[in-house]
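Right, one structure below, let's go through it.
Chains as they are written, first to last, in our numbering: chain A, 113 to 223; chain B, 1010 to 1120.
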């Protein structure tokens, strides 16, 4: 069974903190993605990666960075968290086609 | 640039009534379209894709290139269909595997 695991379901951080969101997939997928999900705005792509050490900006990369040192792990980094980054963050992975498998999400609150 | 529009934020129907969730897209190439669903407290998952031309949980969707639409339909709504539905478009013709999501429609089936 396909599995995408996000390390935390809920996180509470303070403004200015550096935040790491971790995602691991066990399907040997090439592609991994980070989205944020906000009511009324749907899913917006932050960054994606199509190979180890490769990354591409999505639609809203500002304030975020990513790391993919191993094929199964894709990390989202908030260098200096701000209140407007309070959101639900979803990780996904896919093979060579566009069917993406999603994690359960991390709800981040920045105070 | 590709875009996916879901005109309804919220759709309420009675149990047993027909359901149609609207999705329109703008894309210059040959799109691949998907419907994703997120039930309460569950992760986002693929419901169906236009290439498969199959019915999943009684839902069907036909790609209409003339009207650039990919509406999701079900003849008789069930309470368990209540969920958030996202239409998505893939740019796979260009060799990319990103998905562009609509803003979502929340379907509420009234008992």
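Even for Gly, the Cβ is constructed at its ideal location relative to N, Cα and C.
By DSSP, does residue 1041 (chain B) sit in helix, in strand, or in coil? Within the second chain, the letter at position 32 stands for residue 1041 (chain B). The three-state reading of DSSP puts residue 1041 (chain B) in strand, counting E and B together.
Sufficient close CB pairs (3 or more, under 8 Å) joining the segment 187-198 of chain A to the segment 208-215 of chain A: Contact annotation: the segment 187-198 of chain A does not touch the segment 208-215 of chain A, with fewer than three C-beta pairs closer than 8 Å.
Going along the chain, which residues of its own chain have a beta-carbon closer than 7 Å to the beta-carbon of residue 171 (chain A), five neighbours each way excluded? Along the first chain, read from residue 1 onward, the residue named residue 171 (chain A) stands at position 59. Excluding positions up to five away in sequence, the list reads 156, 157.
Between the C-alpha atoms of residue 167 (chain A) and residue 147 (chain A), what's the straight-line distance to the nearest angstrom? For the purposes of this step, residue 167 (chain A) is identified with residue 55 of the first chain, where counting begins at 1. For the purposes of this step, residue 147 (chain A) is identified with residue 35 of the first chain, where counting begins at 1. The straight-line gap from Cα to Cα measures roughly 14 Å.
In whole angstroms, give me the CA-to-CA distance for residue 218 (chain A) and residue 118 (chain A). For the purposes of this step, residue 218 (chain A) is taken as residue 106 along the first chain, with counting starting at 1. For the purposes of this step, residue 118 (chain A) is taken as residue 6 along the first chain, with counting starting at 1. Looking at the two C-alpha atoms, the distance is approximately 7 Å.
Find the residues of chain B that neighbour residue 211 (chain A), judging by a C-beta separation of less than 8 Å, and give them in chain order. By 1-based counting over the first chain, the position of residue 211 (chain A) is 99. 1043, 1055, 1058, listed in chain order.
8 Å Cβ cutoff, residue 1052 (chain B) in contact with chain A: Here residue 1052 (chain B) refers to the residue found at position 43 when the second chain is read from its first residue. By this cut-off, residue 1052 (chain B) is an interface position.
Counting only runs of 4+ residues fully inside the segment 154-198 of chain A, write out the alpha helix (DSSP H) ranges in chain order. You should have found no qualifying run.
Under 8 Å by beta carbon: chain A residues contacting residue 1068 (chain B): Sequence index remark: in the second chain, residue 1068 (chain B) carries index 59 (1-based). Residues of chain A passing the Cβ test: none, with the nearest at roughly 16 Å.
Tell me, to the nearest whole angstrom, how far the beta carbon of residue 1024 (chain B) is from that of residue 1114 (chain B); I am working on the premise that it is less than 8 Å. Here the question's residue 1024 (chain B) lines up with position 15 in the second chain. Here the question's residue 1114 (chain B) lines up with position 105 in the second chain. Contact between residue 1024 (chain B) and residue 1114 (chain B) is absent: CB atoms are separated by about 18 Å, not below the 8 Å threshold.
Please list the terminal residues of the continuous beta strand (DSSP E) segment that includes residue 1114 (chain B). Within the second chain, numbered from 1, the residue matching residue 1114 (chain B) stands at position 105. Taken as a continuous stretch (DSSP letters only), the beta strand (DSSP E) holding residue 1114 (chain B) covers 1114-1119.
If you run the structure through DSSP and keep just helix, strand and coil, what is residue 1089 (chain B)? Here residue 1089 (chain B) refers to the residue found at position 80 of the second chain. Here residue 1089 (chain B) sits in helix by DSSP.
Just the chain A side, please: which residues come within less than 7 Å of residue 1099 (chain B) by C-beta, in chain order? Looking up residue 1099 (chain B) in the second chain gives position 90. Per Cβ cutoff of 7 Å: 210.
According to DSSP, which residues form a beta bridge with residue 1034 (chain B)? Along the second chain, one-based indexing puts residue 1034 (chain B) at 25. In DSSP, residue 1034 (chain B) forms a bridge with B:1013.
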